[in-house]
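See below for the structure under consideration.
2 protein chains.
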Amino acid sequence: MNGAESLVRTLLSGGVDTCFANPGTSEMHFVAALDRHPEMRCVLCLFEGVATGAADGWYRMRGDIAATLLHLGPGLANGLANLHNARKAGSGVLNIVGDHTEWHLANDSPLRGDLEGVSRAVSHWTRVSPDAPSVAPDGAEAIRAARSGNGRVATLILRAHAAWEKAAGPAPVAPSPPMHRPDAALVTAAARALARPGAVLLIDGPALHGPLAETAGRIAAKTGCRLIAPYLVSRIARGAGAIRIERLKYVVEDNVAFLADTTGIVLCGALRPVSFFSYPGKPSLPEPPGCPILDLCAPDMDIAWSLDALAAETGATAIAPARMPVDLPEIPTGPTTLDKVGDALAALLPENAIVVDEAVTSSRPLNIPTETARPADWLHVSGGAIGFGLPCATGAALACPDRRTVALMGDGSAMYTLQSLWTMARENLNVLTIVFANRGYQILRGELANVGVESYGRNAARMFDVENPTLDWVALAKGHGVEARRATDIDEFTKALRHGLAAEGPYLIELVC
Amino acid sequence: MNGAESLVRTLLSGGVDTCFANPGTSEMHFVAALDRHPEMRCVLCLFEGVATGAADGWYRMRGDIAATLLHLGPGLANGLANLHNARKAGSGVLNIVGDHTEWHLANDSPLRGDLEGVSRAVSHWTRVSPDAPSVAPDGAEAIRAARSGNGRVATLILRAHAAWEKAAGPAPVAPSPPMHRPDAALVTAAARALARPGAVLLIDGPALHGPLAETAGRIAAKTGCRLIAPYLVSRIARGAGAIRIERLKYVVEDNVAFLADTTGIVLCGALRPVSFFSYPGKPSLPEPPGCPILDLCAPDMDIAWSLDALAAETGATAIAPARMPVDLPEIPTGPTTLDKVGDALAALLPENAIVVDEAVTSSRPLNIPTETARPADWLHVSGGAIGFGLPCATGAALACPDRRTVALMGDGSAMYTLQSLWTMARENLNVLTIVFANRGYQILRGELANVGVESYGRNAARMFDVENPTLDWVALAKGHGVEARRATDIDEFTKALRHGLAAEGPYLIELVC
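Respectively, the protein sequence lines represent chains U and D.
Each residue of the first sequence is one higher than the one before, counting from 2 in the working numbering.
Each residue of the second sequence is one higher than the one before, counting from 2 in the working numbering.
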C-alpha cells in the first residue's frame, strides 16, 4: 500500500467520505487511490473556490467535515477566499493539497511556490507530510484538527513521493480533544448580567439552530434578556416555529441605535460585535461606551455545555421559549420591488428549505416576510468574501439531498464562482438560484455616498456598474448546463419561482431589479 | 489632499496610468480619488484573478507596470494564482490592496484576515502604509520595486485611514536600482563554453524577443551553439523572420532526449532546466549527468548588457542570425485534427498578432506549422497555474490595441477565469478566443497512465471528464456579452477563424475536438 492509499483508507475509516476535487498531476497517485475506492464520493469542481465553498456548505449542514483535493499552491490560493469564509463561519474543512517531491522542490519548477505560506495565511492547522509512512497518521491528525474547536480549517500537504512510496497502512482517528468550558463563577456572573434590564445574550455558531437555540430561547424567556445573533452567521433556523432571535445590523448607525439601550452583553459562541468596515468619524464598536461585555464562551469552546449551565443557573430549564409565528403573505403582483420579492419568496418557500443568502443589498428587504414563512435554515457569508453563495449551496445540497436549497445571489457576487452551476448540474442538485440582477455592485454605490461623494464620474461608474454589456444569466446558466428563466416583473418571478422550486435538479432565475 | 489622492497622483506622475480593478468598501476613498482623475484608465474585472492576470499580460507587452486594485485579503487571495504566474514570468505588477483602519483591525470583523501573510506568499515586496503622509512615498517605492530586477510583484497595503486622512502630496518615483552584471571573467568563461561542440545557450525573459533575441541569435550563429528557450515563457517572438530558437519539451523523456548530446549549458536570463513535475524513477533534471551549467546572468540581472558582452567576447557583433523562413500551409478541410487546426491557424494568423497559449495538450500540435507563419508574439503560462490565458489576453489586448490577440484555451483552463470575457466585451478588445473543447482535463488522462494506471473507474473519470453536462461555450460567451460560434469540423473552424480575426471586438470559437 502506498501513502495515497493509506490516506484514502484513513479518511474513509475516519468518516470522511466526500471529496470536492480539482486535482492535477502532482495528485495523480491520490486520484488513483480514490479510484480504487468508489465509496468515496468525488465531486469535481471546475474552480477551486467552488470546492472549498462546497466543503464549507457541507459542514454547515452536516456538522462534520468533507475533504477538498487541490493542486499545489495556486490551487489552494484559488480556494483561499472561501476558506476564509469557512474559517469565519466556524466550519471544519480538510484540505489535501498535492505538492512536488522533496527533491523536485530543490529546483525552481513552474508550479513551485510558497505553498506553506499560502496555507498558513488561512488554515488553523498546516502540516507537510514528509514521507509515505507519515501520511496516514498525519491525515488522521488533520481530520482530528478539522473537527476540533467546533470546526477548523486543516491543510495537509501531500508531497508526491509521500503519496507513491510504500506506507504501513491506514491510521485511526483519535477523538477530538475535549472543548474548554467556562468556570462556574463565569456562568454565575453571566446569569446575573442577563437578569438586568437591557441585557443582551449574543449567540452564534451551533447556538443558532436545533436544541442549542432552544436552550438559548429558554434563557431569554426566563431572564427577559434580548437574544441576538450577528448580522452574518454560519447557519440560523428561521421562520415559523423558530426561536425568536434578533439580528445585528449592517449599517453602523443602525447597529448603534439597535444596541442603544443595552446595559450589558454576554457572549456565548459569539465574538464581540464589530462593524463590517470602519468609516471616518464612525465607531467600530456598536454598543454604548462602557457597556460591559462578558465573554462566557468563545466560539471554539463548549457552547452546548455553556448554554446548559447558563439555563440551569438562570432556572430556565422548563420555560417555553418565544417562537416566530406563521404568517404567509399573499402572492404579490405587478412591477418588481424587493418587498414583493420577499413576499413571494415567503409565500412559496417550502418547509425545511436551505436558503443561502449572498444577495448583499437585495437580501435585506427579504428578511422581514421570511421571518414568518415556513421554517428554513439560512446560511450567510460570515467572512464577507463574496463568491461564497453558489459553492455553499452546492455543498449544502449535496449534504442534504432531501431538502430544497435556494441560493439568493447578487449579480456581482454570483459572478465570482459561477462555475458552481456546472457542479450543480453534474450532481443534479435541487438548487434554485435567484440572481438579483441590479447590474452592478449596488453596495458600493451606497458606500461612495458614505464617504461623502454625492455624484460620481466615469471611473467610479465604470467600477460599480456591470453594464455595457449586461450579463445574460439565462445564457450563463445554459452554458453550465442549468435551465434558467428571466423575470422582469413579479408575476414572471412568481411563476418561475414555482417552477424552480418544483424542478428536478438545478434551476436559475435572473430577476431583473 | 488625502492619502488616496496623493497615491493616485504618485501613480500618474510615475507613469502608471492603467488600473485593473475590483474594489470594495475599504477602497472607497481611493475610488473617489481615481474618479477625480479620468486620465487613469480603470478597467473593471468581475473576479480578481482577471485583474492580476491582465496586469501580467499588460507587462509582457508593454514592458512596464499596470496597477491592480483589490479588496482586502480575500480579494488578493482571488488574484494570487495569476500573481504566481506573473512572478514566474518575470512580470512587474503593482497591487494596491485596501485594508481596514488600524483601530478596526483590533477587533475581529468579518473580512479581517492575514492579508500580509497572503501577500508575502507571492509578492517580492509587501508594505503596509501606516498613515496618510506615508502613502505617497510608499507608493513611489512600490512602483520602483515593481519595476526593479526586470519586473517584480509589489503589494502596497492601503489601510482605510491612511487613504482618507490628510497627506502632504504626491511623491516622485526614484529610478530603478542598477541591475547586477556578471563579472568579465564569467563572460569569458561563457564564451569559451559556447565554443565547444554540443553547447547550449539557454535564454529567457526579454532575451526572447526584440533586439536581445537578435543578439542571442548572433551569438548562436557565431559560436555554433544551440539557442534554446524554456518550454513555457513569458513572451517569445515566433514565425517568419523571428530568430530561430528551439524550445525545451514538456515530457520528461522528450526533454532528456532533446538535451542528450549537450556538453554544457550557459544560462542567460533563464533558470536551469527542470521538469514540470516529478515522477517515480524519472529525473527532475533533463541534462546529461555531470553536464556543466554556467549561470551567466540570473533572470533579475542585466540581461541586455550580458548578451552584448557575450556577443563582443565571441565576436558575434556583425554576423547574421538564423531566422525562421515563411511557409504558410494550405487551408485544410474535412474532419478536425489538431494538426489541421495548426495549419489553419498558421495560414490565417495575421502579421504581428499576440497569441496567448493556454491550450495545454491541444497547443503542442500547433507549434510546428506556426513556426513559419506570419510573425507573432506568443505568451505562455510560465507559472503553470491554469486560469492565466483569458486574463492575460485581456491585458495584452489593452496594452496593444492595434494588434490582434488570439487566446488558445483548453476548456478546462478557460473555465477558471471565464469572467475575463466580460471585460473583453466591456473594453471592446480585439481578442479572438479559441476554446479547444475536448470535454475534460486531457493532460490528466495522460498523467494517470504515467503513474501506471492503465484503465480507470468512476472516480477518476468523474474528476477528469467535463461531461454530463457538456459546457456550452457559445452560451457562456453570449452570457458575458461576447459573440461566439461552435465549430465541429475544420471547414467550420476555418470560416469562424476568418470571421473572428476580422471582428470588431471579442469573438469566441468553441472548437469541438
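Each residue gets a CB set at the ideal place from its N, CA and C atoms; glycine is no exception.
Taking the CA atoms as reference points, U:P274 sits about 12 Å from U:G265. Remark: three or more beta-carbon pairs, one from each stretch, lie closer than 8 Å, so the stretch 475 to 488 of chain D and the stretch 422 to 432 of chain D are flagged as touching.
Listed along the chain, the chain U residues whose CB falls inside 9 Å of the CB of D:K479 are D473, A476, L477, K479, G480. Taking C-alpha positions only, D:P75 is separated from U:L308 by approximately 33 Å. As computed with DSSP, D:D473 is found in no beta bridge at all.
Taking the C-beta atoms as reference points, D:A360 is found no nearer than 8 Å to D:G396. Boundaries of the alpha helix (DSSP H) harbouring D:E6: 4 to 14, taken from the DSSP string. For U:I158, the pairing in a beta bridge is given by DSSP as U:V98, U:V129.
Rounded to the nearest whole angstrom, the CA to CA distance from D:E40 to U:P392 is 38 Å. Under the 10 Å beta carbon count, U:N256 is surrounded by 16 or more other beta carbons and is classified as buried.
Against chain U, a Cβ distance below 7 Å from D:T102 picks out S279.
Three or more beta-carbon pairs separated by less than 8 Å are not found between the stretch 439 to 456 of chain U and the stretch 448 to 467 of chain D, which leaves the two stretches without contact. Here D:E455 is exposed. Its C-beta has fewer than 16 other C-beta atoms within 10 Å.
Boundaries of the beta strand (DSSP E) around U:H381: 377 to 381. Not a single CB atom of chain D sits nearer than 8 Å to the CB of U:V357. At least one CB atom of chain D sits nearer than 8 Å to the CB of U:A78. Close partners of D:K250 in chain U (Cβ separation under 8 Å) are lacking, with about 14 Å as the shortest Cβ gap. The alpha carbon of D:S383 has as its nearest neighbour, out of D:E331, D:A312, D:V234, D:G225, the alpha carbon of D:V234. With respect to D:A87, U:M464 sits apart: the two C-beta atoms are not nearer than 8 Å. Contact check for U:F31 against U:A143 fails: the beta carbons are separated by 8 Å or more. Within the stretch 438 to 513 of chain U, the beta strand (DSSP E) runs of at least 3 residues that lie entirely inside it are, in chain order, 484 to 488, 508 to 513. Using a CB distance below 8 Å, the part of the stretch 109 to 137 of chain D facing chain U consists of D109, S110, P111, L112, G114, D115, G118, V119, R121, A122, V123, ordered along the chain. Comparing C-alpha distances from U:S27 to each of U:R236, U:T102, U:L367 shows the shortest one belongs to U:T102.
The three-state secondary structure of D:V253, taken from DSSP, is helix. At a cut-off of 8 Å between beta carbons, D:W59 makes no contact with chain U. U:A185 and U:V154 have their alpha carbons spaced roughly 30 Å apart. In the DSSP assignment, U:V356 falls within the beta strand (DSSP E) that extends over 354 to 359. DSSP places D:C20 in the uninterrupted beta strand (DSSP E) bounded by 19 to 22. If you compare the alpha carbons of U:A217, U:K223, U:A241 with that of U:A230, the shortest gap goes to U:A217. Of the residues assessed, U:E352 falls on the exposed side of the cut-off, its CB having fewer than 16 other CB atoms within 10 angstroms. Closest by C-alpha distance to D:K496, out of D:G80, D:P333, D:N83, is D:P333.
Contact with chain U is found for D:L233, since one of that chain's Cβ atoms lies less than 8 Å from the residue's Cβ. The beta carbon of U:W165 sits closer than 8 Å to some beta carbon of chain D. By the Cβ neighbour-count rule, U:N3 is buried, with 16 or more other Cβ atoms within 10 Å of its own.
At a cut-off of 8 Å between beta-carbon atoms, D:V454 makes contact with chain U.
Among the CB atoms of chain U, one or more fall inside 8 Å of the CB of D:T26.
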